[in-house]
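Enquirer: After the structure tokens below, expect a handful of questions from me.
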Amino acid sequence: MYVAVKGGERAIDAAHDWLAEERRGDPAIPELSIAQIREQMALAVNRVMAEGSLYDPDLAALAIKQARGDLIEAIFLIRAYRTTLPRFGASKPLDTAAMRCDRRISATFKDAPGGQVLGPTFDYTHRLLDFALAAEGEAPVARQGDPVAGDTPRIMDFLNADGLIQQEPPSDDTPADLTREPLEFPAGRDLRLQALSRSDEGFVLGMAYSTQRGYGRNHPFVGELRIGAVEVVMDIPELGFDICIGEVTLTECETVNQFTGSKSEPAQFTRGYGLVFGQSERKAISMALVDRALRWDELGEEDVGAPAQDAEFVLAHGDNIQATGFLEHIKLPHYVDFQSELELVRRMRREAMGEMKEAAQ
Amino acid sequence: MGTDMTETAERQSWMGLLARAPAERLAALMPQAPEFDWLRVPEIGGVMMRGRAGGTGAPFNLGEMTVTRCALRLGSGEVGHACVMGRDKAHAQRAALVDALMQGATAAAIRAQVLDPLAQDEDARRSARAARAAATKVDFFTMVRGEA
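Just so you know, the protein sequences line up as chains G and B, in that order. Under the working numbering, the residues of the first sequence are numbered 1 to 361, in order. Under the working numbering, the residues of the second sequence are numbered 1001 to 1148, in order.
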């Protein structure tokens, strides 16, 4: 039940003033610039772009500053801004085979052509706090090697060549868009991939981990993980040709999974796919595992009732803005709702007491 | 249309270069702007980026990016277009101006003054990252097992 109640404006204004003061913190400490957040908190910026589903590092950095570092609040700000943008169109499907790779590894082929390129990774660090970062110092300089020209070949192509892996035949179908039409079930793989790419990293990680622990196990290997820059190309109708409108950094993960086979088809590996804005490999690997788990039906696997096999469960609960909106609304005034519950419980108690008295007499 | 393939390919190439260029660098290289009329004033919007399942399969909507587009006509008649990543209207305006100037009599000078330096910068930026990536490439070696 909703009843309009007036009052509280002064308290709300004062709360927002105080929020602004707290956001700034101690004025004796230098204020953070948007550029500092963009450059030095880059992975937080990437996460806000990915889950906000809008690639714009400066806006994501601004949102992080405004949200005092609360990333879900920052994602909320980005999603709200996104809805105000007129849609100019859609890009051509991104050509990740032409990615300028900062990092490219395969857990399945040691001697993969193109090599194992580690890139700027946390892997193999000791996870010990580095107190040198607490002091001001010279900007570090990375080592340089001799790059090899040309695109980095896809690992999957090697398996494809031998027919050992399930194919991903190209198509030019127009994919469904959950920002235009509400998500409905059953959801096709296009919608599942769109939803997973913008889902909460922690949620997708938890779902992926559950498959590894046995809830819908599908034995994944990371066939290939690549991070780097990809050009975005769009058709411009006024010009009659397509142009590159910019370059974005993406993380792509392809998993090689448990093989299936049937009486008519020989056994072959199956695959899961993850593609996420920015350098976001935990999310991309998680996405690939969950994508694979959700494909149980098309691959003729058994529904063992695992949470990660349930598209409705995964997709409807992975959106942290929907989740936080519904969760946090319960802290807002529900005085009248609660008043009616209170009345009800009092009446039930009164009636029960009355019955007990009657029974005792 | 009517433009031949090479002309189109060249124009695609400079429009992409202008879109990918850092806005401040383009501003610094920009010549004195000629007179022009807006055909479409700079407008900020979103473009939905698409990916393909498995990198090669059916398309899906990955997420949007911010872009700014505009179109203008020089006093001498050439029409310039721009559609560039981000929300910088001045960047889009400069990109459209260079696109128009590249179709006019001063194209060679504009190429030397604006496009060539932008292309060199981009090569340097890309090579710098590629060199760092190359330094992190793993060289495997096999331990020879001692046989007595």
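In this text, a Cβ means the ideal position worked out from N, Cα and C, and glycines have one as well.
Are there 16 or more other CB atoms within 10 angstroms of the CB of B:Gly1075, so buried, or fewer, so exposed?
Expert: It is exposed - the Cβ of B:Gly1075 has fewer than 16 other Cβ atoms within 10 Å.
Enquirer: Give the range of the alpha helix (DSSP H) segment to which B:Ile1044 is assigned.
Expert: Segment Phe1036 to Arg1052 is the beta strand (DSSP E) holding B:Ile1044; no alpha helix (DSSP H) there.
Enquirer: At what residues does the beta strand (DSSP E) containing B:Gly1167 begin and finish?
Expert: Only positions 1001 to 1148 of chain B appear in the structure, and residue 1167 of chain B is not among them; the question remains open.
Enquirer: CB of G:Arg192 to nearest heavy atom of the ligand ATP: below 7 Å?
Expert: This structure lacks the ligand ATP; in fact it carries no ligand of any kind.
Enquirer: Using only alpha-carbon positions, find the residue among G:Cys101, G:Arg82, G:Arg143 and G:Met207 that is nearest to G:Ser286.
Expert: Nearest of G:Cys101, G:Arg82, G:Arg143 and G:Met207 to G:Ser286, Cα basis: G:Met207.
Enquirer: With DSSP as the reference, label B:Thr1005 as helix, strand or coil.
Expert: Here residue 1005 of chain B turns out to be Met, not Thr, going by the sequence shown. The answer is helix: DSSP assigns B:Met1005 an H, G or I state.
Enquirer: Between the region 139 to 146 of chain G and the region 254 to 270 of chain G, can you find at least three pairs of beta-carbon atoms closer than 8 Å?
Expert: No, they do not touch.
Enquirer: Do the region 1009 to 1019 of chain B and the region 235 to 245 of chain G touch if we need at least three Cβ pairs shorter than 8 Å?
Expert: Taking 8 Å as the limit for Cβ pairs, the verdict is that the region 235 to 245 of chain G does touch the region 1009 to 1019 of chain B.
Enquirer: Along the region 250 to 271 of chain G, what residues have a CB closer than 9 Å to any CB found in chain B?
Expert: Under the 9 Å Cβ criterion, the region 250 to 271 of chain G contributes Leu250, Glu252, Glu254 and Arg271.
Enquirer: With which residues is G:Asn257 paired in a DSSP beta bridge?
Expert: In DSSP, G:Asn257 forms a bridge with G:Thr270.
Enquirer: In the structure shown, what three-state DSSP assignment does B:Arg1066 receive?
Expert: Looking at the sequence shown, residue 1066 of chain B is not Arg but Thr. The answer is strand: DSSP assigns B:Thr1066 an E or B state.
Enquirer: Using the Cβ count rule (16 or more neighbours within 10 Å means buried), how would you classify G:Lys110?
Expert: Result: exposed.
Enquirer: Using DSSP bridges, identify the partner residues of G:Asp235.
Expert: G:Asp235 pairs with G:Asp242.
Enquirer: Alpha carbons only, please: which of G:Gln194, G:Gly240, G:Phe326 and G:Lys65 is nearest the one belonging to G:Gly25?
Expert: Answer by Cα proximity: G:Lys65.
Enquirer: Reducing DSSP to helix, strand and coil, say where B:His1081 ends up.
Expert: Three-state result, B:His1081: strand.
Enquirer: Mind reading off the beta-carbon distance from B:Met985 to G:Asp177? Whole number of angstroms is fine, and I expect it under 8 Å.
Expert: Residue 985 of chain B falls outside the range modelled here, since chain B spans only 1001 to 1148, and no answer is possible.
Enquirer: Three Cβ pairs or more, each shorter than 8 Å: is that satisfied between the region 212 to 224 of chain G and the region 232 to 239 of chain G?
Expert: The answer is no - the region 232 to 239 of chain G does not touch the region 212 to 224 of chain G, with fewer than three Cβ pairs under 8 Å.
Enquirer: Out of curiosity, what's the CA-to-CA distance linking B:Met1001 and B:Glu1007?
Expert: Since pLDDT at B:Met1001 reaches only 46, below the 50 mark, its modelled position is unreliable, and the value read off the structure follows with that caveat. The alpha-carbon atoms of B:Met1001 and B:Glu1007 are separated by roughly 11 Å.
Enquirer: Starting from G:Ile72, follow the alpha helix (DSSP H) in both directions and report where the run begins and ends.
Expert: Element bounds for G:Ile72: Leu71 to Arg82.
Enquirer: Please list the terminal residues of the continuous alpha helix (DSSP H) segment that includes G:Ser197.
Expert: Here the alpha helix (DSSP H) through G:Ser197 covers Arg189 to Arg198.
Enquirer: Would you say B:Leu1062 reaches chain G, if we count a Cβ-Cβ gap shorter than 8 Å as a contact?
Expert: So yes, B:Leu1062 belongs to the interface.
Enquirer: Note down, in chain order, each residue of its chain lying with its Cβ closer than 7 Å to the Cβ of G:Gly89, except the 5 sequence neighbours on either side.
Expert: Result list for G:Gly89: Met234, in chain order.
Enquirer: Tell me which residues of the region 1070 to 1085 of chain B have at least one Cβ-Cβ distance to chain G shorter than 8 Å, keeping chain order.
Expert: Those would be Ala1071, His1081, Cys1083, Val1084 and Met1085, in chain order.
Enquirer: For G:Val304 versus G:Ile165, is the C-beta distance shorter than 8 Å?
Expert: The answer is no: Cβ separation not under 8 Å.
Enquirer: Roughly how many angstroms lie between the CA atoms of G:Leu275 and G:Ser197, to the nearest whole one?
Expert: Near 7 Å, if we compare the C-alpha coordinates of G:Ser197 and G:Leu275.
Enquirer: Would G:Phe326 be called buried (16 or more neighbouring beta carbons within 10 Å of its own) or exposed?
Expert: Looking at its Cβ environment, which holds fewer than 16 other Cβ atoms inside 10 Å, G:Phe326 is exposed.
Enquirer: Can a CB atom of chain B be found closer than 8 Å to the CB of G:Thr96?
Expert: Output row for G:Thr96: interface = yes.
Enquirer: Check the DSSP bridge columns for B:Asn1061 and list the partner residues they point to.
Expert: DSSP, once it has assigned bridges, lists B:Arg1050 as partnering B:Asn1061.
Enquirer: State the Cα-Cα distance for the pair G:Leu294 and G:Arg87, rounded to the nearest angstrom.
Expert: Answer to the nearest angstrom: the Cα atoms are 30 Å apart.
Enquirer: What runs of the alpha helix (DSSP H), each 4 residues or longer, lie entirely inside the region 128 to 205 of chain G?
Expert: With a minimum length of 4 residues, the continuous alpha helix (DSSP H) runs that stay inside the region 128 to 205 of chain G are 155 to 161 and 189 to 198.
Enquirer: What is the DSSP secondary structure of G:Asp102, reduced to helix, strand or coil?
Expert: It is a strand residue.
Enquirer: Note down the Cα distance separating B:Val1067 from G:Gln279, rounded to an integer number of angstroms.
Expert: When rounded, the distance between both Cα atoms is 21 Å.
Enquirer: Taking 8 Å as the limit between beta carbons, can you name the residues of its chain near B:Phe1060, skipping five residues before and five after?
Expert: Excluding sequence neighbours, B:Phe1060 sits near Arg1050, Gly1051, Arg1052 and Ala1053.
Enquirer: Extract the residue ranges of the alpha helix (DSSP H) inside the region 281 to 319 of chain G, only unbroken runs of 4 or more that lie entirely within it.
Expert: Within the region 281 to 319 of chain G, the complete alpha helix (DSSP H) runs of at least 4 residues are 281 to 294 and 311 to 317.
Enquirer: Tell me, please, whether the region 1085 to 1098 of chain B touches the region 1018 to 1034 of chain B by the rule of three or more beta-carbon pairs shorter than 8 Å.
Expert: Yes: the two stretches touch, three or more of their Cβ pairs being nearer than 8 Å.
Enquirer: For G:Glu301, decide whether its Cβ has a neighbour in chain B, counting only Cβ atoms nearer than 8 Å.
Expert: No - not a single Cβ of chain B is within 8 Å of the one on G:Glu301.
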